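The next block holds one structure in the form of structure tokens; read it before the comments.
Protein chains in written order, with the UniProt record's numbering: chain A, 1 to 325; chain B, 1 to 325.
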């Protein structure tokens with residue numbers, strides 16, 4: 001494979017090259033991994049940065065409709081927009097998010113937009129690596145905004161938060177004054193909370209929900225990376241395409257402030273270090289299932305299962321053997 | 001430290017020796033770790049097994065009252081009972097579960113009972129190892145039943161489920177027909193659901209809640225380790241000490257069936273293998289923060305943060321260097 005040529009096509013903005021490049025980073029084959037690493041390092045030379053927006057929300061909040069409306073709004077402003085999905089559960093649940101491009105019919109036909117569904121993969125580590133590399137490829141291809149969509153299932157938000165510059169939480173109007181369903185940890189990651197479906201009969205409920213979350217956000221500890229008034233809760237209607245410009249203004253205000261204050265660069269540097277360490281950890285653990293280590297683990301595990309040796313003694317033996325290579 | 005003598009005192013049923021032994025396995029000091037490993041291997045020679053019962057329930061369901069009443073019921077039957085707590089959050093929240101023995105006044109004065117509060121520790125890996133080793137010590141000391149208590153916070157149930165023979169979920173009567181608060185994953189681990197506070201005004205609600213959970217349990221997939229009718233939901237009242245004997249009968253029925261069918265031994269063997277592999281994983285990751293590996297990770301991490309090298313390229317370099325020792 002001519003990695004240099006593929007890298008050039010990607011940075012030239014060739015959409016089919018970008019799609020091929022993402023397919024390469026999604027592969028688990030050892031030779032593909034090495035090529036993918038080279039490709040990502042190569043396109044990083046371009047030094048381009050997009051605004052990476054993480055978007056989380058449980059099924060039913062209208063994520064697809066929002067992305068369609070918001071994406072079209074952005075391309076309408078002349079921007080190029082890429083949409084990626086992080087969905088570690090898609091292999092199990094069958095139906096993956098973004099799996100059906102027809103849910104975003106307008107956006108998928110927009111020449112300024114690029115939509116990439118989530119691959120069928122269950123391993124969160126693999127999904128994280130693929131997403132990071134796909135984001136890097138989209139940045140190199142000159143997109144202005146990369147939207148990274150995730151469903152509200154456990155750890156995938158944490159992964160997305162460690163990839164994106166801004167984290168947006170999309171909610172549906174709730175009955176009463178309950179903040180149900182949203183874990184505190186997710187709330188603490190959010191830079192902007194958008195209460196969708198603020199239209200028709202649901203508008204009053206959306207306004208109430210927005211007020212509830214605005215109140216809840218005020219109770220959270222102030223974070224150094226936030227200017228006055230952030231994180232913020234707002235209403236939008238993806239259906240009526242209302243509030244999108246205001247939401248975008250808020251995102252830009254926040255991003256500009258963070259750039260000016262040095263938070264942006266610092267966060268990207270921290271994220272890069274985090275992923276480096278995470279890759280090393282994953283690599284060490286993966287090595288246990290390969291070569292001689294695999295046989296050693298199996299043999300010692302058998303003795304442990306038979307009760308011939310305690311788990312901790314066997315672990316100490318295994319670690320000593322692994323350290324000697 | 002004379003480990004052989006300490007092991008002998010523990011297997012002789014000396015309670016102060018048992019307390020000292022648990023303090024030893026709770027220590028993170030390297031020499032203590034080595035001694036603890038030796039001690040656990042030594043007492044394992046005794047070949048004694050207790051019935052290990054994991055008990056989970058969120059704050060407010062009456063866990064302490066239940067353990068007090070159930071523990072006293074068991075000692076009243078002539079059994080020796082040890083109570084241990086798994087609480088990874090105790091260091092943060094300040095107040096640890098079981099921290100206040102006065103909440104179990106009767107049981108703590110019972111010569112057939114041994115209560116050990118959770119140490120202040122945040123790291124779940126450390127808590128898991130300590131609990132496993134403390135359970136092994138209690139078994140060697142001749143206890144018939146070891147109750148392992150955990151609060152309903154995320155991963156600690158999974159840890160306890162990988163240590164115990166039976167997993168009991170304690171619930172409070174709920175309003176309406178909602179199964180709120182209990183995650184599906186926790187439900188799937190339960191062998192027995194006990195709805196506490198089935199007394200006074202709450203009795204009708206407790207019966208309704210029991211019926212709701214009995215229905216929910218029937219919807220779960222049948223597990224090979226369960227005889228007909230399990231997992232099961234029942235009402236108890238720790239306050240009035242009602243239903244305890246029936247609950248104990250169910251636990252014994254289940255345990256006996258699993259023993260006879262070979263599930264018991266198979267599960268213990270699988271658990272031992274699981275903890276061996278987990279210890280190796282933890283050990284590999286811990287080694288990254290020590291010695292030359294630490295310096296290597298810091299230096300490469302700095303270059304990644306500066307953007308001089310991609311996270312994945314740096315990780316590949318680090319893994320290659322670590323593999324060469």
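C-beta: ideal position from N, C-alpha, C; glycine also. Please read these numbers as outputs of a predicted model, since none were measured by experiment.
- Here residue 4 of chain A is exposed: its Cβ has fewer than 16 other Cβ atoms, across all protein chains shown, within 10 Å.
- Residue 271 of chain A sits buried, since 16 or more C-beta atoms from the chains shown fall within 10 Å of its C-beta.
- Excluding the 5 residues flanking it on each side, residue 257 of chain A has same chain C-beta neighbours closer than 7 Å at 227, in chain order.
- Interface criterion not met: the Cβ of residue 162 of chain A is under 8 Å from no Cβ in chain B.
- Judged by pairs of C-beta atoms under 8 Å, the segment 227–240 of chain A touches the segment 199–207 of chain A, as three or more such pairs exist.
- Spanning the alpha carbons of residue 113 of chain B and residue 74 of chain B requires a straight line of approximately 9 Å.
- Exclusion of the five residues before and after residue 309 of chain B leaves 303 as the residues of its chain whose Cβ lies within less than 6 Å of its Cβ.
- About 4 Å separates the beta carbon of residue 25 of chain A from that of residue 36 of chain A, a gap short enough to meet the 8 Å contact definition.
- Annotated three-state conformation of residue 222 of chain B is coil, per DSSP.
- Within chain A, the residues whose beta carbon sits less than 8 Å from that of residue 284 of chain B are 284, 285, 288, 319, 322, listed in sequence order.
- Between the beta-carbon of residue 55 of chain A and that of residue 131 of chain A there is about 13 Å, and that puts the pair past the 8 Å contact cut.
- Closest in C-alpha terms to residue 51 of chain A, from the list A:72, A:80, A:33, comes A:80.
- Counting along the chain, the unbroken alpha helix (DSSP H) around residue 283 of chain B starts and ends at 263–287.
- In this structure residue 137 of chain A is buried. Its beta-carbon is surrounded by 16 or more other beta-carbon atoms within 10 angstroms.
- Interface residue (Cβ-Cβ distance to chain A less than 8 Å): residue 315 of chain B is classified as such.
- When the five nearest sequence neighbours on each side are left out, the beta carbons in the same chain lying within less than 6 Å of the beta carbon of residue 213 of chain A are those of 193, 233, in order along the chain.
- The beta carbon of residue 141 of chain B sits closer than 6 Å to those of 10, 13, 18, all from its chain and outside the five residues before and after it, given in chain order.
- The C-beta of residue 229 of chain B has fewer than 16 other C-beta atoms within 10 Å across all chains shown, which makes the residue exposed.
- For a Cβ distance threshold of 9 Å, residue set 276, 277, 280 of chain B lies close to residue 297 of chain A, ordered along the chain.
- Between residue 163 of chain A and residue 135 of chain A, the C-beta gap is smaller than 8 Å, which places the two residues in contact.
- Annotated three-state conformation of residue 250 of chain B is helix, per DSSP.
- With its beta carbon less than 8 Å from one in chain B, residue 311 of chain A belongs to the interface.
- Residue 33 of chain A and residue 282 of chain B have their C-alpha atoms some 26 Å from each other.
- Judged by DSSP in its simplified three-state form, residue 239 of chain A adopts coil rather than helix or strand.
- When the beta-carbon positions are compared, residue 167 of chain B and residue 198 of chain B stay at least 8 Å from each other.
- Residue 321 of chain B and residue 279 of chain A do not touch by the CB rule: their CB atoms are close to 14 Å apart, not below 8 Å.
- Across the set B:63, B:217, B:207, the C-alpha of B:63 shows the shortest separation from the C-alpha of residue 147 of chain B.
- Residues of the segment 35–53 of chain B that bring their beta carbon within less than 9 Å of a beta carbon in chain A comprise 36, 37, 38, 40, 41, 44, 47, in sequence order.
- Annotation for residue 1 of chain A: 35 place their beta carbon closer than 7 Å to its own, counting only its chain and skipping 5 residues before and after.
- Look at residue 52 of chain B here: in three-state DSSP terms it is strand.
- For residue 300 of chain A, the residues of chain B that pass the 8 Å Cβ criterion are 276, in the order they occur in the chain.
- For residue 116 of chain B, the enclosing beta strand (DSSP E) begins and ends at 113–116.
- In this structure residue 290 of chain B is exposed. Its beta-carbon is surrounded by fewer than 16 other beta-carbon atoms within 10 angstroms.
- When the five nearest sequence neighbours on each side are left out, the beta carbons in the same chain lying within less than 6 Å of the beta carbon of residue 72 of chain B are those of 106, 107, in order along the chain.
- With a minimum length of 3 residues, the unbroken runs of beta strand (DSSP E) contained wholly in the segment 186–221 of chain B fall at 192–195.
- The residue among B:277, B:183, B:260 with its C-alpha nearest the C-alpha of residue 216 of chain B is B:183.
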